[in-house]
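S.K.: Before anything else, here's the structure in question.
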Amino acid sequence: MLVDSHCHLDRLDLAAHDGSLDAALDAARQRGVGHFLCIGVSADNAADVKALAERYADVDCSVGVHPLDVQPGAAPALDWLLHELNHPKVVAIGETGLDYHYEPEAAELQQASFRLHLQAAQQTGKPVIIHTRGARADTLELLREAALPQAGVLHCFTEDWDMAKAALDMGYYISLSGIVTFRNADALRDVASKVPADRLLVETDSPYLAPIPYRGKPNLPQYVREVAEFLAMLRGENYERFAEQTTENFKRLFPLAHVKT
93 MLVDSHCHLD
103 RLDLAAHDGS
113 LDAALDAARQ
123 RGVGHFLCIG
133 VSADNAADVK
143 ALAERYADVD
153 CSVGVHPLDV
163 QPGAAPALDW
173 LLHELNHPKV
183 VAIGETGLDY
193 HYEPEAAELQ
203 QASFRLHLQA
213 AQQTGKPVII
223 HTRGARADTL
233 ELLREAALPQ
243 AGVLHCFTED
253 WDMAKAALDM
263 GYYISLSGIV
273 TFRNADALRD
283 VASKVPADRL
293 LVETDSPYLA
303 PIPYRGKPNL
313 PQYVREVAEF
323 LAMLRGENYE
333 RFAEQTTENF
343 KRLFPLAHVK
353 T
């Protein structure tokens, strides 16, 4: 069994499944995907991801504000976030983090929001889902500053081994998406080959970043199978054992997730 540890079910392009989310999830289930973590990115979609998690037994969700969704002049309110995290199917915080690639001028605003999410993690014990791009030093600095006992995951990881190792040393997990299959991703494949087996997750980040051979098309949760098969081959591991290991990792990191055993 596989888990798609990071997908945006409220944003999928469902044309390949005649507009049906039920059909899209069934297609994934038929390929061995047994659980889905639907990710919150803003205050506006918190209700949507919670509704999807309530609708499907094999879907849990997170709530948070993506760094590129932080509104100028206003970080999300801590009391709002803590209230949202009370929901029984909200098993994680985020996605949160820093993205200076698109908005370097918003660094201070993003940092304030990231700190708030980390504070919520300290208060609730729920793991954080971290987006980081073009902000290696500041991301690591804020994670060290927070010193969370339960850590979290650097999702859709695209940085180098030095950053991965620094995060691993703090107890964080690394999640890999379809980017690892891309032709120009040699450095990322090097990271993928080095991450300890018990600290690795797989994801689609759908509807974005479809893996080879679907690159350039809308991504779907069913394609997490391609990511997992590629990584198992890259690491020289048995696919079934790799799927089992990454599912065990997900359950360990997200102990509140309603994953069938």
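Per the working numbering, residue 93 is the first one in the sequence shown, and the count goes up by one each step. The beta-carbon is built from N, C-alpha and C at its ideal position, and this holds for glycine as well. Because the structure is a prediction, the values reported are computed rather than measured.
1. When the Cα atoms are used, what is the spatial distance from L234 to C248?
2. If you measure between the beta carbons of A116 and L104, is that distance less than 8 Å?
3. Which residues bound the beta strand (DSSP E) around D191?
4. Is it the case that the Cβ atoms of A169 and L210 are separated by a distance below 8 Å?
5. For P241, count the other beta carbons within 10 Å of its own beta carbon; 16 or more makes it buried, fewer makes it exposed. Which is it?
6. Kindly give me the distance between the Cβ atoms of C130 and L113, rounded to whole angstroms, as I take these residues to be in contact under 8 Å.
7. What's the call for D261, buried or exposed, on a 16-neighbour Cβ count within 10 Å?
8. Given a threshold of 16 other Cβ atoms within 10 Å of its Cβ, counted over all protein chains shown, does T353 qualify as buried or as exposed?
9. Considering only their Cβ atoms, is the gap separating F322 from V287 smaller than 8 Å?
10. Just curious, the alpha helix (DSSP H) that T231 is in, first and last residue?
M.R.: Reading it off the structure:
1. Whole-angstrom Cα-Cα distance: 19 Å.
2. L104 sits close to A116, with the two beta carbons spaced by under 8 Å.
3. For D191, the uninterrupted beta strand (DSSP E) segment begins and ends at 182-191.
4. Not in contact: A169 and L210 (Cβ atoms no closer than 8 Å).
5. If you draw a 10 Å sphere on the C-beta of P241, you find fewer than 16 other C-beta atoms in it, and that means exposed.
6. That pair is no contact at about 11 Å.
7. It is exposed - the Cβ of D261 has fewer than 16 other Cβ atoms within 10 Å.
8. Burial call: exposed.
9. Between V287 and F322, the gap from beta carbon to beta carbon reaches 8 Å or more.
10. Taken as a continuous stretch (DSSP letters only), the alpha helix (DSSP H) holding T231 covers 228-238.
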